[in-house]
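What follows is a short report on a single structure.
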Amino acid sequence: MVHCNHRKQAFYMRIYQLIYGKIPVVWTCHTVPYPNNWIKRLLGYYGHKSIAISSEAQVWMHEELKINNLHLDKILNGVDNSSLVLPSKSKKTLKEEFFRNRFNKIIDGNSTKIIVAHGRLHPVKGLNLIIDAFSELTDNERRNLLVVFSGDTDCSYYLDLQNLIAKYKLSDYFFFAGWVKSDEILSIADLMLQPSMREGFPLAAIEAFFMRVPVIRSKTGGYKDMEDCCVGVPIGNAESIVQELKKWVAAPDRLNSYIDKAYEFAMTCCTVKAMTNNTLNTYKNALKICF
């Protein structure tokens with residue numbers, strides 16, 4: 028059995044089978060949409076079973092790649108939640124320690140609200156939209172807000188974000204933490220923003236659910252599977268983020284109604300165990316189809 032997580036791997040397996048004969052192949056599509064011209068469709072190979080990691084991916088793979096639904100399984104991504112537990116220290120203390128140790132900055136952990144965007148610094152993550160949206164808040168609305176971006180800063184997008192922050196004169200509000208463990212950054216978060224331009228299924232949102240952090244995210248892949256657990260905004264729309272932030276600043280507890288539902292969803296559908304059990308069933312069916 029070979030499980031391919033990239034189109035190139037699947038193509039190599041197609042060639043392998045032409046030479047050496049049958050071997051069961053499962054292919055997972057991790058991001059949709061992706062470029063899909065006639066050449067890519069001609070060369071594409073989707074295995075004996077294909078895995079879509081979200082409802083949006085499942086629809087796209089069926090409609091655009093013409094994969095028969097009988098050969099297509101939806102399996103939501105799972106995360107290792109063993110470390111994603113609420114710490115014993117208060118959030119106030121964790122906030123103050125995080126900013127003092129990483130940024131040499133003293134904050135009041137009670138009055139300061141921390142917004143995080145957790146993942147990598149890449150244009151596809153739409154982090155510039157957060158900065159654009161933040162610039163539209165009034166001085167009073169952003170007075171007690173700070174934003175932390177995680178991710179390796181050794182990239183051109185980091186410079187783009189820094190230039191945008193400087194343009195709006197918002198350097199007092201934005202901080203780049205570099206690489207940081209999920210449980211560490213989410214333990215200080217009052218809100219997570221995820222305005223991605225494209226996603227298959229955002230693991231950072233699931234990590235936030237485990238850490239009981241409310242999420243505002245774009246309606247990319249995976250939103251339909253978790254729409255009862257978070258707030259969705261149109262893709263690429265900074266104004267929608269502005270409006271959601273204004274509502275949240277005015278009533279910070281308004282998103283708390285999502286927290287329990289989000290945690291239950293993550294525990295039921297998005298653990299490594301749940302993903303593994305579902306994948307094992309797909310493997311069994313791939314064996315039946317192949318032989």
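Position in the sequence shown counted from 1, then plus 27, gives you our numbering.
Even for Gly, the Cβ is constructed at its ideal location relative to N, Cα and C.
In the DSSP assignment, the residues bridged to threonine 298 are Val106. Assignment of phenylalanine 202 by DSSP, reduced to helix, strand and coil, places it in the strand class. For phenylalanine 38, the secondary structure class from DSSP, reduced to helix, strand or coil, is helix. Taking the Cα of glutamate 266 as reference, the smallest distance to any Cα among Pro222, Asn95, Met294, Ala301 is reached at Pro222.
In the three-state DSSP reduction, phenylalanine 161 falls in the helix class (H, G or I). Burial is judged here by how many other beta carbons sit within 10 angstroms of a residue's own beta carbon; aspartate 252 has at least 16 and is buried. Contact between asparagine 104 and methionine 294 is ruled out by a C-beta separation of about 14 Å, above the 8 Å threshold. In the displayed model, alanine 84 falls within a helix according to three-state DSSP. Threonine 55 counts as buried, since no fewer than 16 other beta carbons sit within 10 angstroms of its beta carbon. A residue is called buried once 16 or more other Cβ atoms fall within 10 Å of its Cβ, and aspartate 181, having fewer, is exposed.
Here the segment 119-134 does not lie against the segment 143-159, with fewer than 3 beta-carbon pairs under 8 Å apart. Assignment of beta strand (DSSP E) within the segment 216-269, counting only whole runs of 3 or more residues, yields 218-221, 242-245, 258-260 in chain order. Taking the C-beta atoms as reference points, glutamate 83 is found no nearer than 8 Å to glycine 263. Selection His75, Asn32, Trp65 evaluated against lysine 49 yields His75 as nearest (Cα-Cα). Between the alpha carbons of cysteine 297 and tryptophan 206 lies a distance of about 23 Å. Around the C-beta of leucine 307, fewer than 16 other C-beta atoms lie within 10 Å, and the residue is accordingly described as exposed. In the pairwise beta carbon analysis, the segment 266-286 is classified as not touching the segment 93-102: fewer than three pairs are separated by under 8 Å. Comparing C-alpha distances from valine 240 to each of Arg225, Cys257, Glu226 shows the shortest one belongs to Cys257. Contact annotation, leucine 173 with phenylalanine 202: C-beta distance approximately 7 Å; criterion of less than 8 Å satisfied. The beta carbon of phenylalanine 292 sits closer than 7 Å to those of Phe236, Met253, Cys256, all from its chain and outside the five residues before and after it, given in chain order. A straight-line Cα-Cα distance of about 23 Å links histidine 30 and glutamate 90. By the Cβ rule, the segment 155-165 counts as touching the segment 188-200, because three or more pairs are nearer than 8 Å.
DSSP places serine 209 within a helical segment (H, G or I) once states are collapsed to three. Closest option to leucine 197, judged by alpha-carbon separation, among Ser177, Arg169, Ser214, Leu213: Arg169.
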